[in-house]
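Chemist: Residue numbers (my numbering): 10 to 158.
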Ligand code: ATP
Ligand code: MG
């Protein structure tokens with residue numbers, strides 16, 4: 010019997026973490042953004058609507074603390090409710106970053122979530138993890154084991 014091992018699927022994680030950012034929530038874009046995520050074949054593993062405190066936003070974005078936009082970003086991300094979610098698909102981190110488009114919506118491809126819903130570089134509609142390792146760290150920041158399905 011020939012044993013077929015898909016090396017690609019072993020190396021790439023199948024989960025990523027996302028947030029729908031405050032402006033997109035405020036503008037009523039939760040439903041349309043979730044529909045795009047659903048239509049792209051992602052399964053929802055965990056999800057909640059919550060508002061980060063300033064301190065929690067600073068902790069989440071600690072990786073950016075030396076960047077000039079850090080203070081503004083943390084003020085923005087704690088300015089209103091967000092949706093946090095863990096989502097699943099093959100090669101999830103890359104597939105999702107493709108779906109959301111470039112950080113700056115001016116550079117985002119047609120049809121991407123940021124092209125459709127972002128209003129500026131900072132208020133760019135959604136967050137997507139940049140690596141399998143950070144996807145796990147970020148998912149665990151928001152969800153305990155009994156909140157993941
Ligand atoms: P995210 O981490 O939110 O998915 P990203 O990985 O595409 O976005 P990062 O470089 O991690 O981009 O930046 C985190 C967030 O900080 C961006 O999504 C954006 O909201 C904000 N940001 C990044 N660069 C700038 C900038 N030059 N000016 C203002 N805000 C910025
Ligand atoms: Mg990032």
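Note that the Cβ used here is the ideal one computed from N, Cα and C, for glycine as well.
#1: Distance check for residue 156 and residue 132, CA to CA, integer angstroms please.
#2: Residue 59 and residue 111: beta carbons closer than 9 Å?
#3: Looking at residue 135 and ligand 1, is the gap between the Cβ and the nearest heavy atom below 8 Å?
#4: Going by CA-CA distance only, name the one from 101, 80, 36 that's closest to residue 27.
#5: Are residue 91 and residue 54 closer than 9 Å when you measure CB to CB?
#6: Ordered along the chain, which non-local residues of its own chain (more than five positions away) have a Cβ less than 6 Å from that of residue 151?
#7: What does the Cβ neighbour count give for residue 117, buried or exposed, with the cut at 16 atoms within 10 Å?
#8: Relative to ligand 2, is the shortest distance from any of its heavy atoms to the C-beta of residue 141 smaller than 8 Å?
#9: Taking 8 Å as the cut-off, does the CB of residue 109 come closer than this to any heavy atom belonging to ligand 1?
#10: Count the other CB atoms within 10 Å of the CB of residue 18; is the residue buried (16 or more) or exposed (fewer)?
#11: Assuming residue 85 and residue 31 are in contact, meaning their beta carbons sit under 8 Å apart, how far apart are those beta carbons, in whole angstroms?
#12: Between the alpha carbons of residue 137 and residue 25, how many angstroms are there, rounded?
#13: Please return the same chain residues whose Cβ sits closer than 6 Å to the Cβ of residue 104, not counting the five positions on each side in sequence.
#14: Tell me which residue opens and which closes the alpha helix (DSSP H) that residue 32 is part of.
#15: On the DSSP bridge list, what partners appear for residue 124?
#16: Can you tell me whether residue 60 is helix, strand or coil according to DSSP?
Modeler: Once the coordinates are examined:
#1: Those two C-alpha atoms are separated by around 28 Å.
#2: Between residue 59 and residue 111, the gap from beta carbon to beta carbon reaches 9 Å or more.
#3: At a threshold of 8 Å, residue 135 counts as near ligand 1, since its beta carbon sits closer than that to one of the ligand's heavy atoms.
#4: Looking at the Cα atoms, 101 is the closest of the given residues.
#5: No; because the gap between Cβ atoms is not below 9 Å, this pair is not in contact.
#6: By the criterion of a C-beta distance shorter than 6 Å, residue 151 is surrounded in its chain by 93, once the five residues flanking it on both sides are discounted.
#7: Counting the other Cβ atoms within 10 Å of the Cβ of residue 117 gives 16 or more, which makes it buried.
#8: Distances from the CB of residue 141 to the heavy atoms of ligand 2 are all 8 Å or more.
#9: With a cutoff of 8 Å, residue 109 counts as near ligand 1, since its C-beta is closer than that to a heavy atom of the ligand.
#10: Here residue 18 scores only 49 on pLDDT, less than 50, and its place in the model should not be relied on; the value that follows carries that caveat. With a threshold of 16 other beta carbon atoms within 10 Å, residue 18 falls short and is exposed.
#11: Sure, about 7 Å apart at Cβ, within 8 Å.
#12: Within the model, the alpha-carbon separation for residue 137 versus residue 25 is close to 7 Å.
#13: Correct list, in chain order: 98.
#14: Residue 32 -> alpha helix (DSSP H) spans 31-35.
#15: According to DSSP, which records beta bridges pairwise, residue 124 is partnered with nothing at all.
#16: Correct three-state label for residue 60: coil.
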